[in-house]
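Engineer: My questions all concern the structure below.
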Amino acid sequence: MDEIKPIAMPGTHEKFMEFFKRQDESTDQRILDLGAGHGAFTKKLNDMGYNMFACDLFPEIFQYDKIECKKVDITQHFPYDDNAFDMVIAVEVSEHILDHENFFAEISRILKPEGKLYLSTPNILSLKSRMRFLFRGFFYSFNPLEITNYDGLQHVASRTLDQYNYIAVKHGFREAEFDIDRKQSTSRWLLVLLTPAMFVYKLIKRPDPIHNHRKLLLGRLLFLTYFNNKTTKV
């Protein structure tokens, strides 16, 4: 079949695949591609031998005919049994929803104990993003919202890492292990220029050690790994 083009911005799937391959996950796992879009990532993992499942708010746009794509509104109850999956993958999904309470609660429910959630989302903590917010009032990858547009395609939730962790831990996950896709050149230059000011600030106040981690200051996208902390099947 013809190549399936991802909905995510160019390069996102390639970088996420590099990240995923570094995890060296065994192929005998049931994986849900949450917010699968056209099915580009579903196809890649299915071709690698994983037992893939897919869902999306708009299953009619799913183009990979070897896998069924269920219609799922991720702000509602997911149509899957408890402990149904070893892994859930959500590539560039979480920034499109406001209800992250239900998002993490339902993913925790359908994951097996010690199951994993891998997600990617724009990194609003990069220096480029912080500077953009200072001058424009919007973080990296976020723009003024079309107030009457509720199609689910806009970026509506600009959350920080600690906010994601706060909600995830509440719903049974451990705090995320984090990585980035690549370093932004703009953020690199800003780090050089701002290093003296950041040094002085450290002398005055103790900055947050996570939000000022070098990866978060420089990265374009966040890659987060959440382990389901429930120890018994519900």
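Take the sequence shown: its letters are residues 3 to 236, numbered as in my numbering. Here a beta-carbon is modelled for each residue, glycine too, at the ideal position from N, C-alpha and C.
Given this structure, state the Cα-to-Cα distance separating P61 from R208, to the nearest angstrom.
Structural biologist: About 48 Å.
Engineer: What alpha helix (DSSP H) runs, 4 residues minimum, are completely inside the segment 90-143?
Structural biologist: Counting whole runs of 4 or more residues, the segment 90-143 contains the alpha helix (DSSP H) stretches 102-112, 129-138.
Engineer: So is N125 buried or exposed if we call it buried at 16+ other beta carbons inside 10 Å?
Structural biologist: The residue is buried, with at least 16 neighbouring Cβ atoms inside 10 Å.
Engineer: Within 10 angstroms of the Cβ of I91, are there 16 or more other Cβ atoms? Answer buried if so, exposed if not.
Structural biologist: Buried, because 16 or more other Cβ atoms sit within 10 Å of the Cβ of I91.
Engineer: Give the straight-line distance between the Cα atoms of L221 and G154, rounded to the nearest whole angstrom.
Structural biologist: Looking at the sequence itself, residue 221 is Gly, so the reference to Leu does not match. Roughly 25 Å separates the two Cα atoms.
Engineer: With a cut-off of 8 Å on the beta carbons, I'd call A56 and D35 a contact; round off their distance for me.
Structural biologist: Correct: roughly 5 Å between the Cβ atoms.
Engineer: If I measure Cβ to Cβ from K242 and keep anything under 7 Å in the same chain, skipping five residues before and after, which residues do I get?
Structural biologist: No information on residue 242 is available, as it lies outside the stretch 3 to 236 that the chain covers here.
Engineer: Report the residue from E177, Y228, I6, E16 whose alpha carbon sits nearest the alpha carbon of H40.
Structural biologist: Cα-wise, what sits closest to H40 is I6.
Engineer: Which runs of the alpha helix (DSSP H) at least 4 residues long sit entirely within the segment 149-233? Give them in chain order.
Structural biologist: DSSP runs (the alpha helix (DSSP H)) wholly in the segment 149-233: 163-172, 187-206, 216-220.
Engineer: Determine, using beta carbons only, whether L223 and T123 come nearer to each other than 8 Å.
Structural biologist: Contact flag set, yes.
Engineer: Report yes if the CB atom of L121 is closer than 8 Å to the CB atom of F180, and no otherwise.
Structural biologist: Not a contact, by the Cβ cut-off of 8 Å.
Engineer: My guess is that D83 and I33 are in contact by the Cβ rule of under 8 Å, so how many angstroms apart are they, rounded?
Structural biologist: Not quite, the Cβ-Cβ distance comes to about 15 Å (not below 8 Å), so this is no contact.
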